[in-house]
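Novice: Structure provided below as structure tokens; questions to follow.
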Amino acid sequence: MASIMTNASALTALQSLNATQKALDTTQSRISTGYRVSQASDNAAYWSIATTMRSDNQAMSTVSDALGLGASKVDTAYTGMDSAIKTINQIQQKLTASYGQTDASKEKTQVEIKALQDQLKAYADGATFSGTNMLSVNSGATATSAADVKIVSAFNRDATGAVSISTIDVKVDSIKLYEAGTAAGVSKGILDADRVGATGAVTATAQNPTLGAAAAAGDTYSVATMAIFSGTTAASDTQIADMMKVVDAALKDMTTAATKLGAAKSSIDLQKTFTSSLMDSIDRGVGQLVDADMNKESTRLQALQVQQQLGVQALSIANGSSQSILSLFRG
1017 MASIMTNASA
1027 LTALQSLNAT
1037 QKALDTTQSR
1047 ISTGYRVSQA
1057 SDNAAYWSIA
1067 TTMRSDNQAM
1077 STVSDALGLG
1087 ASKVDTAYTG
1097 MDSAIKTINQ
1107 IQQKLTASYG
1117 QTDASKEKTQ
1127 VEIKALQDQL
1137 KAYADGATFS
1147 GTNMLSVNSG
1157 ATATSAADVK
1167 IVSAFNRDAT
1177 GAVSISTIDV
1187 KVDSIKLYEA
1197 GTAAGVSKGI
1207 LDADRVGATG
1217 AVTATAQNPT
1227 LGAAAAAGDT
1237 YSVATMAIFS
1247 GTTAASDTQI
1257 ADMMKVVDAA
1267 LKDMTTAATK
1277 LGAAKSSIDL
1287 QKTFTSSLMD
1297 SIDRGVGQLV
1307 DADMNKESTR
1317 LQALQVQQQL
1327 GVQALSIANG
1337 SSQSILSLFR
1347 G
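Convert by adding 1016 to the 1-based position in the sequence shown; the result is the number in the numbering used here.
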């Protein structure tokens, strides 16, 4: 039936053309954005997952920066510790050389030892990075221990969606060289702690030796302040022997502290590598969910453009059917 009120062929052609145009718009959007899922309406589930993972990746990027900052802090402390170890070895050499010397020679050696002690303090005070110093600390008038240095190492999200932060902790109390805190019970640093001359063990009870006398049981020395000559009096050889034991014990503690710093640095480096690999893995996973396949979209675009042209021609033919009806009424 030929009708001028309803052109069924034109309506069908128009619907087909509109569908082609919609598909063409979708393909052009994918090509221009590079995403198959660029908004929630494209695929709500994939968009939600991708948005969450992108947020996590941004947090991990911050973690990576924090690890870099933490590595610098530990590197600075290690450099200071390493320099201090070399200097305390020199003090040990001076003490060894002074054993059996005359008082006049001990007086001269004391000048060198004092210079080395000052250098130790300078190394510790200078080992500061971004306001953090792990070697020369001040725990204040109330704290009995130095606060740990916490380095953010991971951003975690569990199966329920809850997030948490992991840290690499550096126990400053076990590596500090000097402690300026005044609280009762606060532990001193490796170099300013009082040590029993006979064993080199750290003690909370100080017993100042009588310089020049024979070493007495319970005499204590501190690497930071020990002297083989004071005023007009030189230390006895037995006292120098005790000082050597104290220095050797401090050296062992410093070596242990350097090992802890090295282990922390190794942990930070491993975590940085893992975080970088994890971020790349998440990027790939998100890409598989939402990225457009440009090869496929290019092929689809060409096909839809041809289909659009054919649709326009079909609509034109359908609209021309009304003209054939008019010819029926011409005489």
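Glycine is no exception: its CB is placed at the ideal position from the N, C-alpha and C atoms.
Determine the contact status of Thr1241 and Gly1228, defining contact as a CB-CB distance below 9 Å.
Specialist: Your numbering for residue 1241 matches position 225 in the sequence shown. Your numbering for residue 1228 matches position 212 in the sequence shown. It is not a contact, given that the beta carbons lie outside the stated cut-off.
Novice: Beta-carbon separation of Asp1174 and Ser1180 under 9 Å?
Specialist: Your numbering for residue 1174 matches position 158 in the sequence shown. Your numbering for residue 1180 matches position 164 in the sequence shown. Yes.
Novice: So the candidates are Ala1178, Thr1215, Ile1047, Ala1243; which of them puts its Cα closest to the Cα of Lys1122?
Specialist: Here residue 1122 refers to the residue found at position 106 when the sequence shown is read from its first residue. Comparing Cα-Cα distances from Lys1122 to each of Ala1178, Thr1215, Ile1047, Ala1243, the minimum goes to Ala1243.
Novice: Under the rule that 16 or more other beta-carbon atoms within 10 Å means buried, what is Asn1172, buried or exposed?
Specialist: On the sequence shown, residue 1172 is found 156 positions in, with the first residue counted as 1. Asn1172 should be labelled exposed.
Novice: Start and end of the beta strand (DSSP E) containing Ser1190?
Specialist: Along the sequence shown, read from residue 1 onward, the residue named residue 1190 stands at position 174. Element bounds for Ser1190: n/a, residue is neither H nor E.
Novice: So if DSSP puts Arg1173 in a beta bridge, which residue, or which two residues, is it bridged to?
Specialist: As a position in the sequence shown, residue 1173 is number 157, starting the count at 1. According to DSSP, which records beta bridges pairwise, Arg1173 is partnered with Val1179.
Novice: Does the distance from the CB of Asp1164 to the CB of Val1188 come in under 9 Å?
Specialist: Locating residue 1164 in the sequence shown gives position 148, counting from the first residue. Locating residue 1188 in the sequence shown gives position 172, counting from the first residue. Yes, these two residues count as a Cβ contact at 9 Å.
Novice: May I ask you to list the residues that DSSP assigns as paired with Thr1249?
Specialist: Taking the first residue of the sequence shown as position 1, residue 1249 is located at position 233. DSSP, once it has assigned bridges, lists Ser1246 as partnering Thr1249.
Novice: With 16 other CB atoms within 10 Å as the buried threshold, where does Leu1286 fall?
Specialist: Translated into the one-based positions of the sequence shown, residue 1286 becomes position 270. Exposed, since its Cβ has fewer than 16 Cβ neighbours within 10 Å.
Novice: Below 7 Å CB to CB, which residues in the same chain sit around Thr1112 once its five sequence neighbours on both sides are set aside?
Specialist: Numbered from 1 along the sequence shown, position 96 holds the residue referred to as residue 1112. So the list reads Met1260, once near-sequence residues are dropped.
Novice: When burial is assigned at 16 or more other CB atoms within 10 Å of the CB, is Ala1297 buried or exposed?
Specialist: Indexing the sequence shown from 1 puts residue 1297 at position 281. The question names Ala, yet the displayed sequence has Ser at residue 1297. Exposed, by the Cβ-count rule.
Novice: Please classify Asn1149 as buried or exposed, where buried requires at least 16 neighbouring CB atoms within 10 angstroms.
Specialist: Working through the sequence shown from its first residue, we reach residue 1149 at position 133. Asn1149 should be labelled buried.
Novice: Would you report the Cα separation of Ala1251 and Ala1273, rounded to the nearest angstrom?
Specialist: The sequence position of residue 1251 within the sequence shown is 235, counting from 1. The sequence position of residue 1273 within the sequence shown is 257, counting from 1. Those two C-alpha atoms are separated by around 30 Å.
Novice: With DSSP as the reference, identify every bridge partner of Phe1145, one or two as the case may be.
Specialist: As a working mapping, residue 1145 is identified with position 129 in the sequence shown. Per DSSP, Thr1148.
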